[in-house]
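Counting from 1 along the sequence shown, just add 52 to a position and that's the residue number in the numbering used here. Reviewing the structure listed below.
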Amino acid sequence: MSCQEAGKVPGVGIDKDMLFAVVQGGTCGFIDHAGRVVIQPAWDSAGDFSEGMAIVERAGKVGFVAQSGTVAIEPSYDVAQSFCDGLAAVRVAEKWGFIDKKGAVVVQAVYDDTGSFRNGLAPVKKEGNWGFIDKTGRVVVRPQFAGAQTFSDGLALVNKGGTEANDPLRGMYLSGGTYQYIDQAGVAAFARSFQSARRFSEGLSAVETGGGGQWHKDRGQTGHTGGKWGFVDKKGAIVIEHNFDEAGQMAEGLAPVLLKGKWGYVSASGKLQIEPQFELAEPFSEGVAAVEKDGKWFYIDKAGSRAITGDFDNAYSFRHGLALVEVGGRSTKSVYVESWGTFSIWNWAPRGYIDHQGAIVWKPQK
């Protein structure tokens with residue numbers, strides 16, 4: 053998970069110094085907003101910049117590069133997460149810890165799994181249970197949950213009673229149990245619990261009641277079958293009734309919702325702003341949202357009209373003025389389950405970037 057900021061309108065809050073990962077000749081480098089190569093391709097893979105640092109991989113090990121192109125932290129870790137709140141989670145010998153931007157170890161690698169720091173706390177897993185630590189490594193909320201997510205809007209989503217399972221198609225997932233929100237002291241924010249839920253965003257969270265078994269959908273969406281989704285506020289009060297088959301995160305005043313097999317968008321007041329008509333729909337970012345219809349992806353505005361000319365095989369949310377798109381196929385992921393756990397292999401499609409006018413800033417390639 054990165055600390056990328058979402059929900060910005062075009063030109064507002066956009067970092068014009070942001071760099072974007074690209075593939076050229078089979079190796080990864082970085083471009084600026086104009087499509088100029090700023091950091092020459094030299095890496096086997098590369099991630100997005102977060103807090104001035106990007107994850108890069110070479111010969112099976114990962115490290116971090118600064119926006120100047122300087123290797124800030126040499127590739128020496130098995131896996132890493134993006135910097136968030138000044139620290140990054142790294143895995144060494146199957147255990148997770150945290151480092152600062154100089155590469156110094158801040159929290160020893162003693163955890164089985166972890167999430168990112170936000171609001172000064174990070175979820176960590178030890179001996180089968182999740183809790184939260186602060187930036188010194190002190191346990192603030194003792195490990196007691198079957199699952200836990202990073203704090204968002206001051207609250208964290210946790211699962212009680214669920215069990216981990218491996219599936220050849222889904223990979224590792226959490227089955228059963230109930231979901232609840234806690235504050236930074238580990239106290240339940242309100243008494244209600246849910247069959248499934250999302251993180252809080254813009255003061256609201258999508259929650260599900262009456263659900264059954266869990267499943268994973270494309271683009272990382274997860275949910276339960278059989279239940280209905282609505283939205284609650286931070287006091288647990290129902291703001292939008294449970295009328296939807298699934299719901300996503302509220303962003304820029306709208307959230308994707310599923311009705312009778314099609315996605316549309318609901319406003320924070322509960323009004324169905326854009327009628328369900330899409331096969332898939334992403335949250336709004338920088339004034340537009342990526343949606344799929346009739347097998348092609350494109351971008352819409354908040355009235356539901358096309359905002360950008362052009363169709364794509366795959367399209368992702370805008371970030372700092374550019375959006376990643378795929379042309380000539382879609383990236384696919386194969387999940388493999390072994391005795392020691394789950395791993396994935398990606399088959400990448402040609403990927404490039406467009407701006408808000410639909411101009412190709414970086415021609416899709418692989």
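We put the beta carbon where it would ideally sit given N, CA and C, even for glycine.
Notebook entry, point to check: For K212, which residues of its own chain have a beta-carbon under 7 Å away from its beta-carbon, when the five flanking residues on both sides are left out?
Noted result: If you number the sequence shown from 1, residue 212 lands on position 160. These residues qualify, in order along the chain: F197, A198, G229, T230 and Q232.
Out of H408, A411 and R403, which has the shortest C-alpha to C-alpha gap to T79? Counted from its first residue, the sequence shown places residue 79 at position 27. Minimum Cα distance to T79 is reached at R403.
Legend entry - Residues sharing a beta bridge with P416, DSSP: Along the sequence shown, one-based indexing puts residue 416 at 364. The partner list for P416 (beta bridge, DSSP) is empty, contrary to what the question assumes.
### Message
On the CB-based measure, 16 or more other CB atoms within 10 Å of its CB, does T215 come out buried or exposed?
### Response
The count along the sequence shown starts at 1 and reaches residue 215 at position 163. Exposed.
Practice problem: Pull up the distance between the alpha-carbon of L209 and that of P93, whole angstroms please. | Solution: Taking the sequence shown and counting its residues from 1, the one referred to as residue 209 is at position 157. Taking the sequence shown and counting its residues from 1, the one referred to as residue 93 is at position 41. Near 38 Å, if we compare the C-alpha coordinates of P93 and L209.
Q) Is DSSP giving L310 helix, strand or coil here? A) Locating residue 310 in the sequence shown gives position 258, counting from the first residue. Strand at L310.
ask   = Which same chain residues, not among the five before or five after I326, have their C-beta less than 6 Å away from its C-beta?
value = If you number the sequence shown from 1, residue 326 lands on position 274. Counting only Cβ-Cβ distances below 6 Å, and skipping sequence neighbours, we find G316, Y317 and G356.
query: Mind checking whether G313 and A307 have CB atoms under 7 Å apart?
result: Counted from its first residue, the sequence shown places residue 313 at position 261. Counted from its first residue, the sequence shown places residue 307 at position 255. No, they are not a contact pair.
So who's on the other strand from I109, going by DSSP bridges? In the sequence shown, the residue the question calls residue 109 occupies position 57. Residue identity differs from the one stated: residue 109 is Glu in this sequence, not Ile. For E109, which the question treats as bridged, DSSP gives the partners S97 and V114.
Simplified DSSP state of T79, which is helix, strand or coil: Sequence index remark: in the sequence shown, residue 79 carries index 27 (1-based). If DSSP states are grouped into helix, strand and coil, T79 belongs with the strands.
Can you round the beta-carbon distance between V259 and A249 to whole angstroms, since I take them to be within the 8 Å contact cut? Working through the sequence shown from its first residue, we reach residue 259 at position 207. Working through the sequence shown from its first residue, we reach residue 249 at position 197. Going by Cβ atoms, the distance from V259 to A249 rounds to 4 Å, so yes, they are a contact pair.
ask   = Using the beta-carbon count (16 or more within 10 Å), is R194 buried or exposed?
value = Counting from 1 along the sequence shown, the entry for residue 194 is found at position 142. Flag for R194 reads exposed.
key: Sequence-distant residues of the same chain with beta carbon closer than 6 Å to G322, five excluded per side   = In the sequence shown, residue 322 corresponds to position 270, counting from 1. Excluding positions up to five away in sequence, the list reads I292.
Any idea which residues DSSP pairs K177 with across the strands?
Along the sequence shown, one-based indexing puts residue 177 at 125. Answer is D165 and W182, bridged to K177.
In the DSSP assignment, what residue or residues form a beta bridge with Q232?
Sequence index remark: in the sequence shown, residue 232 carries index 180 (1-based). V210.
Outcome for V159 when other beta-carbon atoms lying within 10 angstroms are tallied against a minimum of 16: For this step, residue 159 is matched to residue 107 along the sequence shown. The residue in question, V159, is buried, as its Cβ has 16 or more Cβ neighbours within 10 Å.
key: N-terminal and C-terminal residue of the beta strand (DSSP E) that S369 is part of   = As a working mapping, residue 369 is identified with position 317 in the sequence shown. Residues N366 to R371.
Q.
Could you compute how far the alpha carbon of A401 sits from the alpha carbon of A237?
A. On the sequence shown, position 349 is the one that residue 401 refers to. On the sequence shown, position 185 is the one that residue 237 refers to. Approximately 44 Å, taken between the alpha carbons.
* **Whole-angstrom distance between R143 and G77, CA atom to CA atom** => Mapped onto the sequence shown, residue 77 falls at position 25. Mapped onto the sequence shown, residue 143 falls at position 91. Distance between the alpha carbons of G77 and R143 is about 29 Å.
Nearest neighbour of G167, chosen from A156, A141, K153 and E334 [CA to CA]:
Taking the first residue of the sequence shown as position 1, residue 167 is located at position 115. Ranking A156, A141, K153 and E334 by Cα distance to G167 puts A141 first.
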